[in-house]
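Q: Chains as they are written, first to last, in this note's numbering: chain A, 29 to 528; chain B, 44 to 207.
Even for Gly, the Cβ is constructed at its ideal location relative to N, Cα and C.
Bear in mind that the values here come from a model prediction, so they are computed numbers and not experimental data.
1. Under a CB-based cut-off of 8 angstroms, is residue 195 of chain B close to chain A?
2. Do you know whose CA, among A:249, A:172, A:499, lies nearest residue 482 of chain A's CA?
3. What are the start and end residues of the alpha helix (DSSP H) that includes residue 523 of chain A?
4. Between residue 516 of chain A and chain B, is the shortest Cβ-Cβ distance under 8 angstroms, so that the two count as touching?
5. Does the CB of residue 512 of chain A have a neighbour CB from chain B at under 8 angstroms?
6. Going by C-alpha to C-alpha distance, which of B:81, B:188, B:175 sits closest to residue 152 of chain B?
7. Give the secondary structure of residue 222 of chain A by DSSP, where H, G and I count as helix, E and B as strand, and everything else as coil.
8. Rounded to whole angstroms, what is the Cα-Cα separation between residue 31 of chain A and residue 386 of chain A?
9. Helix, strand or coil for residue 207 of chain A per DSSP?
10. Could you have a look at residue 111 of chain A and say whether DSSP puts it in helix, strand or coil?
11. What residues match up with residue 217 of chain A in a beta bridge as DSSP calls it?
12. So, at 8 angstroms on beta carbons, what are the nonlocal neighbours of residue 222 of chain B in its own chain, with the 5 sequence-adjacent residues on each side left out?
13. Check for me: the alpha helix (DSSP H) holding residue 488 of chain A runs from which residue to which?
14. Using 8 angstroms as the threshold, is the segment 81 to 94 of chain A in touch with the segment 376 to 396 of chain A, meaning 3 or more CB pairs across them?
15. Listed in chain order, which residues of the segment 203 to 218 of chain A have Cβ atoms closer than 8 angstroms to some Cβ of chain C?
16. Count the other CB atoms within 10 Å of the CB of residue 328 of chain A; is the residue buried (16 or more) or exposed (fewer)?
17. Taking residue 218 of chain A as the reference, give the member of B:52, B:170, B:72, B:64 with the closest Cα.
18. Are at least three pairs of beta-carbons, each pair with one atom in the segment 371 to 379 of chain A and one in the segment 176 to 191 of chain A, less than 8 angstroms apart?
19. Give every residue of the same chain whose Cβ lies closer than 6 angstroms to the Cβ of residue 117 of chain B, excluding the five residues on either side of it in the sequence, and list them in chain order.
20. Rounded to the nearest angstrom, how far is the Cβ of residue 66 of chain A from that of residue 113 of chain A, given a contact under 8 angstroms?
21. What does residue 449 of chain A reach in chain B if we use C-beta pairs closer than 8 angstroms?
22. May I have a chain-ordered list of the alpha helix (DSSP H) segments no shorter than 4 residues that lie completely inside the segment 404 to 440 of chain A?
23. Smallest Cα separation from residue 205 of chain A: which of A:170, A:235, A:166, A:424?
24. Residue 503 of chain A and residue 293 of chain A: beta carbons closer than 8 angstroms?
25. Determine the direct distance from the alpha carbon of residue 163 of chain B to that of residue 126 of chain B, and round the result to whole angstroms.
26. Rounded to whole angstroms, what's the CA-CA distance from residue 332 of chain A to residue 432 of chain A? Just pull it up for me.
27. Touch check for the segment 80 to 91 of chain B and the segment 514 to 522 of chain A: three-plus C-beta pairs under 8 angstroms?
28. Between which residues of its own chain and residue 507 of chain A is the CB-CB distance below 6 angstroms, once the five residues before and five after are set aside?
29. What three-state label does DSSP hand residue 66 of chain A in the structure shown?
30. Is there a C-beta anywhere in chain B that falls below 8 angstroms from the one on residue 42 of chain A?
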């Protein structure tokens with residue numbers, strides 16, 4: 029394994045790849061720092077660009093964007109009290125008060141140090157765990173894959189926000205969208221209405237970019253006046269950057285706990301940095317001897333959230349690289365990135381493309397270091413980005429989305445799908461229907477259907493192997509339990525809201 | 044934003060229609076009998092449509108019990124004119140993107156993009172920030188840069204149109 033890892037480093041340590049990682053991280057930081065733009069959007073826009081690159085370079089760019097996008101969110105969270113990405117929501121709780129107390133520099137330095145360390149630990153866990161998990165998953169038959177995918181689908185319940193019913197409806201919508209085009213195995217054209225363009229189904233890229241990016245831009249168009257009002261000149265001077273070794277050292281348990289929470293939450297399909305940072309913050313507060321200081325600008329709150337969101341990156345990549353199951357929007361896009369280069373995500377990746385996999389690990393570690401370096405050097409530049417007017421930025425992003433969708437198959441039809449999905453996403457936002465379940469179901473439904481039908485062909489139409497296989501049984505049971513728990517929690521919450 | 048109740052009613056009704064449509068489109072799908080294993084191409088769409096149908100009914104039933112009080116409160120927060128002007132913005136943005144896609148293959152990427160960027164920026168900017176000269180020069184620069192980066196950098200054949 030050490031050999032493979034060293035080979036991975038050798039394949040990344042050339043000027044071209046390093047430059048690509050650097051650009052990826054820098055661009056990711058910019059996207060993370062601008063409220064409304066997220067890592068998902070950055071990756072969605074850049075995905076088509078990677079088509080012309082070597083597989084490793086393409087993935088290096090996307091992972092750089094991912095790390096940068098998650099990391100950059102703390103800047104507006106601390107300075108403007110607006111989280112740049114959902115992964116930095118809890119950063120506003122203590123980061124903003126710290127900045128108000130004149131400790132912006134200190135908060136920034138702590139964030140950079142602990143984001144870096146959390147990334148390092150989470151990638152170490154990823155590097156050791158995913159090949160192990162892949163060696164188990166390689167034995168999976170369609171029955172086990174079906175059960176794992178069902179388990180991943182039940183995570184929709186935790187992604188549904190306030191209304192679980194709407195979450196499930198959104199999931200069904202995702203399934204219906206995924207059914208458009210030729211069916212697996214018998215190639216029956218479903219819901220194509222005679223349009224040959226629809227035969228191959230909806231491409232995952234325009235659907236994702238439309239749902240995530242275009243819908244957000246339509247929402248921004250709606251709020252143009254409010255947003256311009258919010259934009260205030262940032263006159264923070266980053267004095268007081270230096271912190272003592274003792275101040276860093278006393279965060280060690282807080283950091284370790286938050287990092288492990290981040291990795292754990294990241295591994296679970298359906299959850300990511302946006303959930304991890306809030307859980308880590310709440311845990312840090314509960315474990316603290318001085319919980320009353322939380323919310324008033326304690327470094328413990330900042331370290332907890334910013335460690336956990338970076339740690340969730342390594343966690344989220346575990347199921348993606350070892351089993352081929354995406355956990356959230358970003359990893360769904362990364363699957364698209366792998367497929368663009370003919371790399372089929374799943375346990376076979378380590379056997380067939382071990383060089384690329386270990387190259388990806390090396391790229392992650394380098395991107396993590398670049399993230400810290402860029403933030404230290406370019407702090408003032410990233411702060412200034414917050415002042416770029418949205419009316420200039422958003423139209424250019426729309427054009428980039430159109431170009432990206434067009435580039436998938438070199439046809440305008442995908443751009444039309446992009447806009448249609450953008451409108452759909454906007455309507456869903458207006459109806460308070462969560463978008464994430466649509467995406468998760470859209471990605472998972474074809475995997476589910478293929479493995480169900482394959483499994484049944486293996487067993488001549490007999491359903492019992494889905495339960496008699498021990499691994500499948502465990503996953504189906506866990507899926508059932510997680511649904512029951514989620515329904516119970518949801519009802520409890522509704523009752524509390526009702527009482528109030 | 045719509046009130047909770049109204050959003051539930053609209054959601055329930057739209058998904059009800061979708062469920063019925065998907066169901067009737069799916070039941071007639073035929074699979075080759077040689078591949079018959081009890082689960083045909085229609086299985087997943089039919090299951091999804093039945094779940095959608097049942098949940099929409101539950102959602103509509105639950106929203107019947109919700110009171111209209113919050114509706115009054117939430118409409119009071121925004122004055123109606125404001126809401127309308129916001130929706131007009133979204134509508135125009137959407138139509139602009141569609142027009143952009145329509146003209147892209149006819150007049151080519153650079154021209155269509157420049158025009159689109161100017162009009163869209165003008166629409167999104169507040170009155171005091173509208174500066175046509177600056178918007179035009181920025182838009183032209185952006186579209187030329189994007190065109191050349193993708194055309195020569197990534198070999199993407201963007202439409203050339205009448206300029207080509």
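A: On the basis of the supplied data:
1. Not one chain A Cβ lies under 8 angstroms of residue 195 of chain B.
2. Comparing Cα-Cα distances from residue 482 of chain A to each of A:249, A:172, A:499, the minimum goes to A:172.
3. 498 to 527
4. no
5. no
6. B:188
7. coil
8. 10 angstroms
9. helix
10. Coil.
11. The partner list for residue 217 of chain A (beta bridge, DSSP) reads A:210.
12. Here chain B covers residues 44 to 207 and nothing more, so residue 222 of chain B does not appear.
13. It is not in any alpha helix (DSSP H) - residue 488 of chain A carries neither H nor E in the DSSP assignment.
14. yes
15. In the structure shown, chain C does not exist; the protein chains are A and B.
16. buried
17. B:72
18. Cβ pair count under 8 angstroms is below three, so no.
19. Note on residue 117 of chain B: pLDDT 48, under 50, position unreliable in the model; the coordinate value appears next. These residues qualify, in order along the chain: 46.
20. 5 angstroms
21. Within chain B, no residue comes near residue 449 of chain A; the closest Cβ sits about 12 angstroms away, beyond 8 angstroms.
22. 418 to 437
23. A:235
24. Remark: C-beta atoms of residue 503 of chain A and residue 293 of chain A do not approach each other more closely than 8 angstroms.
25. 20 angstroms
26. 36 angstroms
27. no
28. 178, 179, 182
29. Coil.
30. no
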